[in-house]
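*Asks:* The structure under discussion is supplied below as structure tokens; questions concerning it will follow.
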Amino acid sequence: MEAVKTPARSRLARDEARLWRIPFLGGLDILQARFIRQAFARHTHEVFTVGVVHQGAAAFWNRGAEHVAQGGSVMLINPDEVNTGHSFAESGYVHLVVYPSAEQLQMVAGQITGKSVSRLYFAQSVATAPEVARRLTAAHRLLVTPEATQLAQEMALQDALVCLVSSLGEKNYKPQPMGREPSIAGWVREYLEEHACENVSLDDLARLTQRSSFHLTRVFGREFGLPPHAYQVQVRIRRAQGWLRAGQGLTQVALAAGFNDQSAFSNQFKRHVGVTPGQYARSSDPKIS
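For the sequence shown, the residue numbers in the working numbering are 1163 to 1451.
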């Protein structure tokens, strides 16, 4: 697994931690930390604690036993379970943690199965699950990226939690068979076309289709080969190309297309077109031979 990039100074013998709270995700907390000397007293959380160890190894007491989470493994602590935490080795450990609520994970499990789920439980305290770790890491990184759209962040978290619940949940939470629903996919596409430059959310799409966010994203991806957030970015880039050809300025186009800043716009534009917006604008200028 790719290691989390940390500042060079983090190799010193000290602890570093950063906590983010995501308001539009119900106040979801996410943590990135390097712990060397930190030792947590016995405590509990009202929410789930789901961590991915990227460097070193973490040790913690949970469910009446000591556990060691090596690099690449996933730590799982259910709500209200007493636990501790400290480094297993002198060099410390680096981990990423998300703290979803019981309601969030029950909703995810319900969307996967199509049935109401009143309780969700992880039977393992430590799991070797590379795909779960990969998706949690990808979601974590996107959630702390300011230029990412809300739709992209919500979908990354949904993808990670679906993988987590279906892979490591105590019960067999497996997706129901999916048929083709072109009308649902078409409604979503039309909405994304009409609101391409706006801050669209998964809730917006769910209300539009009267389907769960999990179901509609599966249907859309099957029909068009792209997840909704990627389709939205593609439409934004198309609009931006037209505005650049019309001679509008780079900053004006970036903001009109819905990007937070010119840097984010430039990065996405080059990923889709192969050149920067500035290069594209110059190539479209008839005064340039």
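Cβ coordinates follow ideal geometry from the N, Cα and C atoms, glycine included. Treat the numbers as computed from the prediction; the structure is a model and nothing was measured.
Give me, in chain order, the residues of the same chain whose beta-carbon lies closer than 8 Å to that of E1228; leave out the 5 immediate sequence neighbours on both sides.
*Replies:* Residue numbering aside, residue 1228 sits at position 66 when the sequence shown is read from its first letter. Only residues of its own chain outside the window of five on either side were considered, and among them A1221 and F1222 have a CB closer than 8 Å to the CB of E1228, listed in chain order.
*Asks:* Please look up how many angstroms separate the CB atoms of Q1268 and L1282, rounded, as I've assumed it's under 8 Å.
*Replies:* As a working note, residue 1268 is residue 106 in the sequence shown. As a working note, residue 1282 is residue 120 in the sequence shown. 5 Å between Cβ atoms; contact.
*Asks:* Buried or exposed for L1181, going by 16 or more other Cβ atoms inside 10 Å?
*Replies:* Here residue 1181 refers to the residue found at position 19 of the sequence shown. Burial call: exposed.
*Asks:* Which ranges would you report for the beta strand (DSSP E) in the segment 1219-1302 if only whole runs of at least 3 residues count?
*Replies:* 1227-1232, 1236-1239, 1245-1249 and 1255-1261
*Asks:* First and last residue of the alpha helix (DSSP H) that includes E1385?
*Replies:* Position 223 of the sequence shown, counted from the first residue, corresponds to residue 1385. Looking at the DSSP string, the run of the alpha helix (DSSP H) that includes E1385 is S1375 to F1386.
*Asks:* My output table needs one value for P1169: the three-state DSSP class, helix, strand or coil.
*Replies:* The residue labelled residue 1169 in the question sits at position 7 within the sequence shown. Low confidence applies to P1169: its pLDDT is 37, below 50, so where it sits in the model is not reliable, and the reading given next is rough at best. In the structure shown, P1169 sits in coil (DSSP, three-state: anything other than H, G, I, E or B).
*Asks:* In three-state DSSP terms, what is H1391?
*Replies:* If you number the sequence shown from 1, residue 1391 lands on position 229. Of the three classes helix, strand and coil, the one that applies to H1391 here is helix, per DSSP.
*Asks:* Our contact map puts L1298 next to A1264 with C-beta atoms below 8 Å; I'd like the distance itself, whole angstroms only.
*Replies:* As a first step, residue 1298 must be located in the sequence shown, where it is residue number 136. As a first step, residue 1264 must be located in the sequence shown, where it is residue number 102. 18 Å between Cβ atoms; not a contact.
*Asks:* Is it a yes or a no for the segment 1230-1237 touching the segment 1192-1208, going by three-plus beta-carbon pairs under 8 Å?
*Replies:* No, the segment 1230-1237 does not touch the segment 1192-1208.
*Asks:* With DSSP collapsed to three states, give me the class of R1400.
*Replies:* Within the sequence shown, numbered from 1, the residue matching residue 1400 stands at position 238. Correct three-state label for R1400: helix.
*Asks:* Excluding the 5 residues preceding and the 5 following A1170 in the sequence, name in chain order all residues of the same chain whose CB lies nearer than 7 Å to its CB.
*Replies:* As a first step, residue 1170 is located in the sequence shown; it is residue number 8 there, counting from the start. For A1170, the predicted structure reports a pLDDT of 38, less than 50, and the residue's modelled location is therefore unreliable. The matter cannot be settled from this model.
*Asks:* Is the separation between the beta-carbon of F1210 and that of Y1261 shorter than 9 Å?
*Replies:* As a working note, residue 1210 is residue 48 in the sequence shown. As a working note, residue 1261 is residue 99 in the sequence shown. Contact: yes.
*Asks:* Looking only at DSSP bridge pairs, what is Q1194 linked to?
*Replies:* Start at 1 with the first residue of the sequence shown, and residue 1194 comes out as number 32. According to DSSP, which records beta bridges pairwise, Q1194 is partnered with R1180 and L1258.
*Asks:* What do you get for E1316, buried or exposed, if any count of 16 or more other CB atoms within 10 angstroms of its CB means buried?
*Replies:* Residue numbering aside, residue 1316 sits at position 154 when the sequence shown is read from its first letter. Looking at its Cβ environment, which holds 16 or more other Cβ atoms inside 10 Å, E1316 is buried.
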